[in-house]
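Asker:
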Amino acid sequence: MKDFTTGNEWKQIINFALPMMLGNLFMQLYQFVDTLIVGRFIGKEALAAVGASAPVVFMTIALVMGIGIGGSIVIAQYFGVKKYDKVQLTADTLLVFLGVASVLITIVGIAFGREILKLIDLPEELLPLGTDYLQIYFAGTIFLFGFNSISAILRGVGDAKTPLYFLVISSLLNVVLDLLFILGFKWGVQGAAAATALAQGMAFIMAVIYVNRQNTFLKFNILTPRFDREIFVLCLKMGLPSGFQQTFVAVGMVALMGVVNSFGTDVIAAYGVFNRIDTLVAMPVMSFSAALTSFVGQNAGAGKYRRIHRGLWATLVMSGGLCLVLNAVLIAFGHHILEWFTTDSKVIEVGYECLVVVNSTYIIFNAMFMMNGMLRGAGATVFPMLNTLFSLWLCRIPAAILLSKFFGETGIWWSMPVGWSVGLCGALIYYYSGRWKHKAVVKHVN
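Be aware that the sequence shown starts at 3, since it is given in this note's numbering, and climbs by one per residue.
#1: So the alpha helix (DSSP H) tryptophan 315 belongs to, where does it begin and stop?
#2: Does DSSP put valine 178 in a helix, in a strand, or in coil?
#3: I'd like the list of long-range same chain contacts for leucine 96, defined as Cβ closer than 7 Å, with 5 residues on each side in sequence excluded.
#4: What's the gap between the Cα of methionine 23 and the Cα of glycine 186?
#5: Nearest-angstrom Cα distance between glycine 190 and aspartate 346?
#6: For proline 130, count neighbouring Cβ atoms within 10 angstroms of its own Cβ and tell me buried if that reaches 16, exposed if not.
#7: If you count every other CB in all the chains shown that lies within 10 Å of the CB of asparagine 10, and 16 or more means buried, which is it?
#8: Taking C-beta to C-beta, are asparagine 176 and threonine 198 nearer than 8 Å?
#9: Are valine 269 and glutamate 411 close, meaning C-beta to C-beta below 8 Å?
#10: Whole angstroms is fine: what's the gap from proline 286's alpha carbon to glutamate 117's?
#11: For methionine 2 versus alanine 429, is the C-beta distance shorter than 8 Å?
#12: Answer yes or no: do alanine 271 and leucine 49 have a C-beta to C-beta separation smaller than 8 Å?
#13: What are the start and end residues of the alpha helix (DSSP H) that includes alanine 113?
#14: What are the boundary residues of the alpha helix (DSSP H) that aspartate 280 is part of?
#15: Just mark threonine 317 as buried or exposed, buried being the case when its beta carbon has 16 or more other beta carbons within 10 Å.
#16: Could you give the first and the last residue of the continuous alpha helix (DSSP H) run that contains phenylalanine 371?
#17: Straight-line CA distance for tryptophan 12 to aspartate 5?
#18: Shortest alpha-carbon distance to valine 343 belongs to which of Ile39, Gln248, Tyr433, Ala64?
#19: Roughly how many angstroms separate the alpha carbons of glutamine 300 and alanine 205, rounded to a whole number?
#20: If we ignore side chains and look at the alpha-carbon of each, how far apart do arginine 398 and valine 420 end up?
#21: Compute the beta-carbon to beta-carbon distance between leucine 314 and isoleucine 279, rounded to the nearest angstrom, for a pair I have assumed lies under 8 Å.
#22: Checking 8 Å against the spacing of the C-beta atoms, do valine 52 and tyrosine 135 come in under that value?
#23: Tell me which same chain residues have a C-beta within less than 7 Å of the C-beta of valine 384, skipping the five on either side of it?
#24: Does the Cβ-Cβ distance between alanine 302 and alanine 380 come in under 8 Å?
#25: Hey, could you find the ends of the alpha helix (DSSP H) proline 400 is sitting in?
#26: Any contact between the segment 61 to 70 and the segment 357 to 366? By contact I mean 3 or more CB pairs, one from each, below 8 Å.
Shown next as structure tokens:
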């Protein structure tokens, strides 16, 4: 456990972000290795099907995971004022909700996965592969939710290292299972999905066992957890805006996938590979943002707004610098990285064009994400939701549709920085208005 309300802001944020960064790296290996092995050993049709399935998965779980983020904000603020009984009760309540939600989402995902893929105009020849992947992936939703909820709870109380250890083990297991199921058993995309589900299940089980054996105030009783109605309402108040924001983004990604799908298998496959490579840059951005959210959450609970300002500035500098380095590496070596996934020259050509456009403007995304993370940590979760709705649905998606008519798939790539720029401007305006200072769960006067 870590108290962020005192000490050097730069050191605290970087020390908290680094374990999460490593954890996110191993978490992304689930999808990265799936995509790499599928592309190299099954073919570009399977590669396109798996890539097209990713936004559907995100759309289905986005609202629930957003509420989980809200719960972690409540935990961080209670921890900031040393209300440990409330921390435990919030954790229990969150686990109950996510457990029930995961079962419902599994049922919906398995029953309607094919119909969702048809709605986004996935080519007919890719539907069987995409459906098989989705149905098996959704069967492991309870493990995905379980582990992510425990990770969010631990981050709320300042522990980013514990989840990392289990992610390393489960990611290595995922690689072994991928090779076994795809190359050994010849299970195709079903093997890729099964490997991910089993590896996530291992991470969840290990996390529960390990944390319960530690001599701390925080325990996870997954058989008879407590559920507090009042705290759940508070989690909804904090989490629903984040959940809706995640949902707007997820549905937007599905809508963009529909635009991409209209350009055929090569562009679908290239976009799927790009999304996997893109996680190399998005991962540290999201890690720093999550670290900043926990930092701001505790300091907002303690009423320390000057520390919040300093923490935001430190995070922008650190995350921005790392982001620029990774952008340069991907632009310089993008062709070679794409060749890891496929030998198809058209897929590589389209994928590299996307890499160059997006990585040339990624610093805008980084700044926008940091601002939104800071606002969520302070409890001002409604504005980021509205800001996302406006920048995505009224700017980015119309820009993708319009620009793609004139410039082909290149127009889709340029729509991304258009949306990010609008989102960043909105977040900056709200930040400098100072209204976020009045949104904390625990009211304090500085």
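We treat Cβ as the ideally placed atom computed from N, Cα and C, and that holds for glycine.
Answerer: Well, looking at it:
#1: 307 to 343
#2: helix
#3: Gly70, Gly73, Ser151, Ile155, Cys237
#4: 32 Å
#5: 19 Å
#6: exposed
#7: exposed
#8: yes
#9: yes
#10: 34 Å
#11: Only positions 3 to 448 of the chain appear in this structure, which leaves residue 2 out of reach.
#12: yes
#13: 86 to 121
#14: 267 to 303
#15: buried
#16: 364 to 379
#17: 14 Å
#18: The sequence given here has phenylalanine at residue 343, not valine. The candidate whose alpha carbon is nearest that of phenylalanine 343 is Ile39.
#19: 27 Å
#20: 6 Å
#21: Rounded, the Cβ-Cβ distance is 28 Å, inconsistent with contact.
#22: yes
#23: Pro243
#24: yes
#25: 399 to 409
#26: no
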